[in-house]
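Working notes, beginning with the structure itself.
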Amino acid sequence: MSSRNLHSTLLVLSLFFSLSIADDRAILSKLSASLTSSPSGWTGTSYCQWTGIKCDSSNRVTSINLASKSLSGTLPAELSQLSQLKTLALQRNSLSGTLPSFANLTTLQELFLDSNNFTSVPRDFLLGLTNLRTLSISDNSNLSPWKIPDYLSESTDLGTFAASNSGIFGTIPDIFDSFQNFQNLRLSYNNLNGVLPKTFWGSGIQNLWLNSQAIGLSGSIDVLSSMPQLSQVWLFANAFTGPVPDLSKCLNLFDLQLRDNHFTGILPPSLTELPKLINISLQNNKLQGQFPEFKSGVNATLGDTNSFCRSSAGPCDPQVNVLLAVAGALSYPISLAEAWTGNDACAKWTFVTCDSRGKSVRTLNFAKQHFSGTISPALSNLTSLQNLLLSDNNLTGSIPESLTTLDQLVALDVSNNNLTGPVPSFAPTVKITANGNSFIGKDVDSEDGNGKKSGSGSDDGVQLSDNVASMERSTWSVTATIVITVLLMFMRVC
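Under my numbering, the residues of the sequence shown are numbered 23 to 516, in order.
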């Protein structure tokens, strides 16, 4: 390169840096002007010496920290032009108005805007922030409703997203497999709904705050069992359902808040053995089974609205355990959790009828309850059961072979479900009703594309009024008659 070209290049670079420095100074001046009063210490021309300002060796602004300075006013849109800015900390002030867009400010790593009075979030607020590590915008209760943008997945270095009490609505986007070291998700006191994202599975999240949603998150929380780094989980005041999963892999879990939901089912025994557990709240649910006994030193709040079989530690009655296993095969429906309380299944439990002595279950009637799930083999332990009525539900799977051991059974009605597979051979005295199950008695694996078994003509279910064994004998009898008739005709011809 000639000396003239070198001189020209240096001149251009010098001019560029001079303009950039002038731009940074002008942007800080606009920030000062947009505030009700200038921050203390923002005087003179050496802006890199102003309170809360840090610059690099080229006098480019890299950090603005004005946290807790009693500031009021608005933020200028030009903040996004501070092209070397890494940290913006304006939390715990009284700033208001529309937040500026920080789109494509790729140097930004930390953004603290919590505890202010901002009113709206632009759509491209966080677009292209590829180096963002921490975003905190909690406690901005005046924000207009906004959604967590899917493009946040571009911030692959994000480790903390704190936006509690900040007007967020909608669902939590399923983007958590995009982050390399995500640890803290704090979204309490918003208007979120829907289910927990599938991409929570196997994530490194440690602090999960999703409590107190006005609409309410719902569905299962089974995904927590795959999140071994969890240390603090706040899911209270939502609409979660189903059982509490096994959290035995969460060895660092010390705080688990699950109160005020719709949880049902039996607590996993491992929950009482978590080595670091200090606080747990479970009140205002419909949890079932044995009353949990936590280690000394654990602050456990269980309340009196659950459906444990006892009000203190101790085993459940054997019949109660069987019926809980039956409920488990149906995913512990809330209707059963509400109806089945106490430790005596014969004490006016809904759907259950007992003998005249009030000792043994004789009838279980789940007809037309819209239950989904399977028929539990544990029913075979109700040795006095006479009537098992399961019609008009959405049951799947097959009829358990173990039910044939119920020697007092007289009626089994599984009509109008989605059962498959063969019907076991019951005693001749058992009346079996199984019509309305399109695939019962069929090998589903050998069906063709139309849902019909190869060689099968009809989709209709079967009505078994006596028992399967007698039907099989009848079928063989008809077949034998046909064969003999054909042979006789052949002999005549010959």
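We treat Cβ as the ideally placed atom computed from N, Cα and C, and that holds for glycine.
request  = With DSSP as the reference, label residue 174 as helix, strand or coil.
outcome  = Helix at residue 174.
query = Starting from residue 357 and walking both ways along the alpha helix (DSSP H), at which residues does that stretch end?
reply = Its alpha helix (DSSP H) spans residues 356-361.
message = So, with DSSP's three-state summary, where would you put residue 315?
response = Taken through DSSP and simplified to helix, strand or coil, residue 315 comes out as coil.
ask   = Anyone know if the C-beta pair for residue 120 and residue 56 falls short of 8 Å?
value = Contact flag unset, no.
message = Do residue 186 and residue 210 have their beta-carbon atoms positioned less than 8 Å apart in this structure?
response = Against a cut-off of 8 Å, the Cβ pair of residue 186 and residue 210 comes out as a contact.
task = Could you please give the first and the last residue of the uninterrupted beta strand (DSSP E) stretch that includes residue 232?
result = Going by DSSP, residue 232 is part of no beta strand (DSSP E) at all; its letter is neither H nor E.
key: Candidates 393, 200, 260 and 182, of which the one nearest residue 212 by Cα   = Among 393, 200, 260 and 182, the Cα nearest to that of residue 212 belongs to 260.
Every unbroken beta strand (DSSP E) within the segment 329-409, with a cutoff of 3 residues, ordered by chain = Counting only runs of 3+ residues, the beta strand (DSSP E) found wholly inside the segment 329-409 occupies 374-376 and 383-387, in chain order.
request  = Tell me whether the beta-carbon of residue 304 lies closer than 8 Å to the beta-carbon of residue 328.
outcome  = For residue 304 and residue 328, yes; Cβs fall inside 8 Å.
Three-state secondary structure assigned by DSSP to residue 323 = Reduced to three states, the DSSP call for residue 323 is strand.
request  = Just confirm the distance between the C-beta atoms of residue 402 and residue 386, as a whole number of angstroms; I'd bet it's less than 8 Å.
outcome  = About 12 Å separates the two Cβ atoms, so there is no contact after all.
query = Looking at the structure shown, is residue 52 part of a helix, part of a strand, or coil, going by DSSP?
reply = Helix.
message = To the nearest angstrom, how far is the alpha carbon of residue 191 from that of residue 372?
response = Residue 191 and residue 372: Cα-Cα distance of roughly 39 Å.
ask   = Alpha carbon to alpha carbon, what distance is there between residue 233 and residue 243?
value = Between residue 243 and residue 233, the C-alpha separation is close to 13 Å.
ask   = Nearest-angstrom Cα distance between residue 292 and residue 339?
value = Residue 292 and residue 339: Cα-Cα distance of roughly 21 Å.
inquiry  = Once DSSP output is grouped into helix, strand and coil, what is the label at residue 83?
reply    = Strand, per DSSP.
ask   = In chain order, which beta strand (DSSP E) runs of at least 3 residues are fully inside the segment 92-141?
value = Runs found: 109-111, 116-120 and 132-134.
request  = On the DSSP bridge assignment, give the partners of residue 277 in chain order.
outcome  = DSSP links residue 277 through a beta bridge to 254 and 301.
First and last residue of the uninterrupted beta strand (DSSP E) at residue 262 = First-last of the beta strand (DSSP E) with residue 262: 261-264.
Reference residue 136, options 89, 179 and 352, closest by Cα = If we check each option's Cα against that of residue 136, 89 comes out closest.
key: CB contact flag (residue 417, residue 443, <8 Å)   = No.
task = Could you pull out every residue in the same chain whose Cβ sits closer than 8 Å to the Cβ of residue 205, ignoring the five residues on either side in sequence?
result = Around residue 205: 181, 182, 226, 227, 228, 229 and 251.
inquiry  = Among the candidates 438, 269, 271 and 195, whose CA atom is the shortest distance from the CA of residue 239?
reply    = Measuring from the Cα of residue 239, the nearest candidate turns out to be 195.
ask   = So, are the CB atoms of residue 200 and residue 175 less than 8 Å apart?
value = Contact: yes.
Same chain, Cβ closer than 7 Å to residue 141, five either side skipped, listed in chain order = Listed in chain order, the non-local C-beta contacts of residue 141 below 7 Å within the same chain comprise 118, 119, 120, 164, 165 and 166, local neighbours out to five positions each way being set aside.
request  = Mark residue 273 as exposed unless 16 or more other C-beta atoms lie within 10 angstroms of its C-beta, in which case mark it buried.
outcome  = Exposed: under 16 other Cβ atoms inside 10 Å.
inquiry  = What would DSSP say about residue 220, mapped onto helix, strand or coil?
reply    = In the structure shown, residue 220 sits in a helix (DSSP, three-state: H, G or I).
ask   = Can you name the residues that DSSP bridges to residue 237?
value = The partner list for residue 237 (beta bridge, DSSP) is empty, contrary to what the question assumes.
key: Beta carbon of residue 130 nearer than 8 Å to that of residue 110   = Yes, they are a contact pair.
request  = Label residue 335 either buried or exposed according to how many other C-beta atoms from any shown protein chain fall within 10 Å of its C-beta, with 16 as the threshold for buried.
outcome  = Exposed is the call here.
query = Within this structure, are the beta carbons of residue 122 and residue 148 separated by less than 8 Å?
reply = Using a Cβ distance threshold of 8 Å, residue 122 and residue 148 do not count as a contacting pair.
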